[in-house]
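Engineer: A single structure is presented below for examination.
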Amino acid sequence: MQRYFLDDPFDDSGRALISGDDARHITKVMRMAEGGKLIAVSDGEAFQSEIIALDGDVVIRKTQGSLPSNEMPIGVTVAAGLPKGDKLDLIVQKGTELGMAGLIPFEAERSIVKWDSKKSAKKIDRLRKIAKEAAEQSHRSIIPEISDVTGLDGLIRLAESFDLLLIADEESAKVRSGGSIAALIENVYHGQKVLAVFGPEGGISREEAERFRAAGFRPIALGPRILRAETAPLYALAAISSEIEGKR
Numbered sequence: 036m037q038r039y040f041l042d043d044p045f046d047d048s049g050r051a052l053i054s055g056d057d058a059r060h061i062t063k064v065m066r067m068a069e070g071g072k073l074i075a076v077s078d079g080e081a082f083q084s085e086i087i088a089l090d091g092d093v094v095i096r097k098t099q100g101s102l103p104s105n106e107m108p109i110g111v112t113v114a115a116g117l118p119k120g121d122k123l124d125l126i127v128q129k130g131t132e133l134g135m136a137g138l139i140p141f142e143a144e145r146s147i148v149k150w151d152s153k154k155s156a157k158k159i160d161r162l163r164k165i166a167k168e169a170a171e172q173s174h175r176s177i178i179p180e181i182s183d184v185t186g187l188d189g190l191i192r193l194a195e196s197f198d199l200l201l202i203a204d205e206e207s208a209k210v211r212s213g214g215s216i217a218a219l220i221e222n223v224y225h226g227q228k229v230l231a232v233f234g235p236e237g238g239i240s241r242e243e244a245e246r247f248r249a250a251g252f253r254p255i256a257l258g259p260r261i262l263r264a265e266t267a268p269l270y271a272l273a274a275i276s277s278e279i280e281g282k283r
């Protein structure tokens, strides 16, 4: 059943309005009519709903209580050093499917690409659209938050609001000094927040690694092989999901 995220919540009578691109998708692409069924998501809860009117906008009414949540019990945000090409698109799309709570792009020392303000705004808008579409496809109850691009100082300030700080460091992987994901998240409680940092193609510089460690980040081991910039966060998300959700 097709899933849509509502801009405004259901009213007291259990009705809500779907407009804009989603309304056009319902009427023009899905060709749904009055009486059609869909899933509407509001404030982190999903409800099976029925279309009761179509007139440009789509009016729906929820028909039952909230559906079970598919969300990961801990919030995992990925901080990704700006990579080349469309690799962030892949990280956002697949990361959303794997349960990512948010993405923070940051300009790392070894990032080859640089985003000016105009490029940054367009890129972030695109990533937010990808996150929304992937959240609908994978039946999420939230859309991952895509933050504006930041620098190292800004990222370290943002880290203060997280409960566990992790960093995937290539040099730690070489000497196998990083802790296992299972061990590091063993004491993370449901509802807590994790921030995991991943470098661009050239990895994290030694100066950055020291700054992160001084700020309380702990190195994680991602296996004996060196992973690509777009692969590492997906590996970590899958491992965390398996460890946390596999024990339900």
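For the sequence shown, our numbering begins at 36 and goes up steadily by one. The C-beta atom is built at its ideal place from N, Cα and C for all residues, glycine as well.
Check the C-beta distance from I216 over to A271 and give it rounded, since I have them as a contact under 8 Å.
Structural biologist: Within the sequence shown, residue 216 is the residue found at index 181, counting from 1. Within the sequence shown, residue 271 is the residue found at index 236, counting from 1. Rounded, the Cβ-Cβ distance is 7 Å, consistent with contact.
Engineer: Rounded to whole angstroms, how far is the Cβ of E80 from the Cβ of S101, which I believe are closer than 8 Å?
Structural biologist: Counting from 1 along the sequence shown, the entry for residue 80 is found at position 45. Counting from 1 along the sequence shown, the entry for residue 101 is found at position 66. Confirmed, Cβ separation roughly 4 Å.
Engineer: Quick one: what's E180 bridged to in DSSP?
Structural biologist: The count along the sequence shown starts at 1 and reaches residue 180 at position 145. DSSP lists G137 as partners of E180.
Engineer: Output the distance between the C-alpha atoms of L41 and R96, rounded to the nearest integer angstrom.
Structural biologist: In the sequence shown, residue 41 corresponds to position 6, counting from 1. In the sequence shown, residue 96 corresponds to position 61, counting from 1. In a straight line, the C-alpha of L41 is about 12 Å away from that of R96.
Engineer: Closer than 8 Å by C-beta to S155: which residues in its own chain qualify, once you throw out the five before and the five after it? Chain order, please.
Structural biologist: For the purposes of this step, residue 155 is taken as residue 120 along the sequence shown, with counting starting at 1. Cβ within range, chain order: D183 and V184.
Engineer: For S277, does the count of other Cβ atoms within 10 angstroms reach 16, so buried, or fall short, so exposed?
Structural biologist: Here residue 277 is taken as the residue at index 242 of the sequence shown, counted from 1. Result: exposed.
Engineer: Tell me which residues share the same chain as G234 and place their Cβ nearer than 6 Å to its Cβ, disregarding the 5 neighbours each side in the sequence.
Structural biologist: Here residue 234 is taken as the residue at index 199 of the sequence shown, counted from 1. Result list for G234: G116 and A143, in chain order.
Engineer: Can you say whether M20 is buried or exposed, counting buried as having 16 or more other CB atoms within 10 angstroms of its CB?
Structural biologist: With the chain covering only 36 through 283, there is no way to say anything about residue 20.
Engineer: Return the chain-ordered list of same chain residues with a C-beta closer than 7 Å to the C-beta of N257, the five sequence neighbours on each side being excluded.
Structural biologist: Along the sequence shown, read from residue 1 onward, the residue named residue 257 stands at position 222. It is Leu, not Asn, that sits at residue 257 in the sequence shown. A203, A208, A267, Y270 and A271.
Engineer: Please classify G110 as buried or exposed, where buried requires at least 16 neighbouring CB atoms within 10 angstroms.
Structural biologist: The residue you call residue 110 lines up with position 75 of the sequence shown. The residue is buried, with at least 16 neighbouring Cβ atoms inside 10 Å.
Engineer: Quick check: I86 and V127, are their CB atoms within less than 9 Å of each other?
Structural biologist: On the sequence shown, residue 86 is found 51 positions in, with the first residue counted as 1. On the sequence shown, residue 127 is found 92 positions in, with the first residue counted as 1. Cβ atoms of I86 and V127: not closer than 9 Å.
Engineer: Specify, as a first and last residue, the run of the alpha helix (DSSP H) that S155 falls within.
Structural biologist: Counted from its first residue, the sequence shown places residue 155 at position 120. From DSSP, the alpha helix (DSSP H) with S155 extends over S152 to Q172.
Engineer: Name, in chain order, the residues that DSSP records as bridge partners for Y39.
Structural biologist: Locating residue 39 in the sequence shown gives position 4, counting from the first residue. In DSSP, Y39 forms a bridge with A75.
Engineer: Could you tell me which residues DSSP pairs with Q83 in its beta bridges?
Structural biologist: Within the sequence shown, numbered from 1, the residue matching residue 83 stands at position 48. In DSSP, Q83 forms a bridge with I74.
Engineer: Alpha helix (DSSP H) containing S277: first to last residue?
Structural biologist: On the sequence shown, residue 277 is found 242 positions in, with the first residue counted as 1. From DSSP, the alpha helix (DSSP H) with S277 extends over A267 to E280.
Engineer: Along the chain, where does the beta strand (DSSP E) that runs through F252 open and close?
Structural biologist: Reading the sequence shown from its first residue, position 217 is the one you call residue 252. No beta strand (DSSP E) holds F252; DSSP gives it neither H nor E.
Engineer: Mind reading off the beta-carbon distance from L199 to V232? Whole number of angstroms is fine, and I expect it under 8 Å.
Structural biologist: As a position in the sequence shown, residue 199 is number 164, starting the count at 1. As a position in the sequence shown, residue 232 is number 197, starting the count at 1. Actually they are not in contact, since the Cβ atoms of L199 and V232 sit about 12 Å apart, beyond 8 Å.
Engineer: Whose CA, out of Q227, G237 and A88, lies closest to the CA of S196?
Structural biologist: The count along the sequence shown starts at 1 and reaches residue 196 at position 161. That would be Q227, whose Cα lies nearest to the Cα of S196.
Engineer: Where does I147 land, buried or exposed, given buried means 16+ other C-beta within 10 angstroms?
Structural biologist: Position 112 of the sequence shown, counting from 1, holds the residue named residue 147. Exposed.
Engineer: Looking at the secondary structure, which residues open and close the alpha helix (DSSP H) in which V294 lies?
Structural biologist: Nothing can be reported for residue 294, as the shown portion of the chain is limited to 36 through 283.
Engineer: Going by DSSP, what residue range makes up the beta strand (DSSP E) through G258?
Structural biologist: Start at 1 with the first residue of the sequence shown, and residue 258 comes out as number 223. Per DSSP, G258 belongs to no beta strand (DSSP E) and is neither H nor E.
Engineer: Rounded to a whole number of angstroms, what is the C-alpha to C-alpha distance between A88 and V94?
Structural biologist: Indexing the sequence shown from 1 puts residue 88 at position 53. Indexing the sequence shown from 1 puts residue 94 at position 59. Computed Cα separation, rounded: 5 Å.
Engineer: Short of 7 Å in beta carbon distance, which residues of its chain neighbour S240, apart from the five on each side in sequence? Order them along the chain.
Structural biologist: Translated into positions along the sequence shown, residue 240 becomes position 205. So the qualifying residues of the chain are E144 and R145.
Engineer: Which one or two residues does DSSP pair with L193 in a beta bridge?
Structural biologist: Position 158 of the sequence shown holds residue 193. Per DSSP, none; premise fails for L193.
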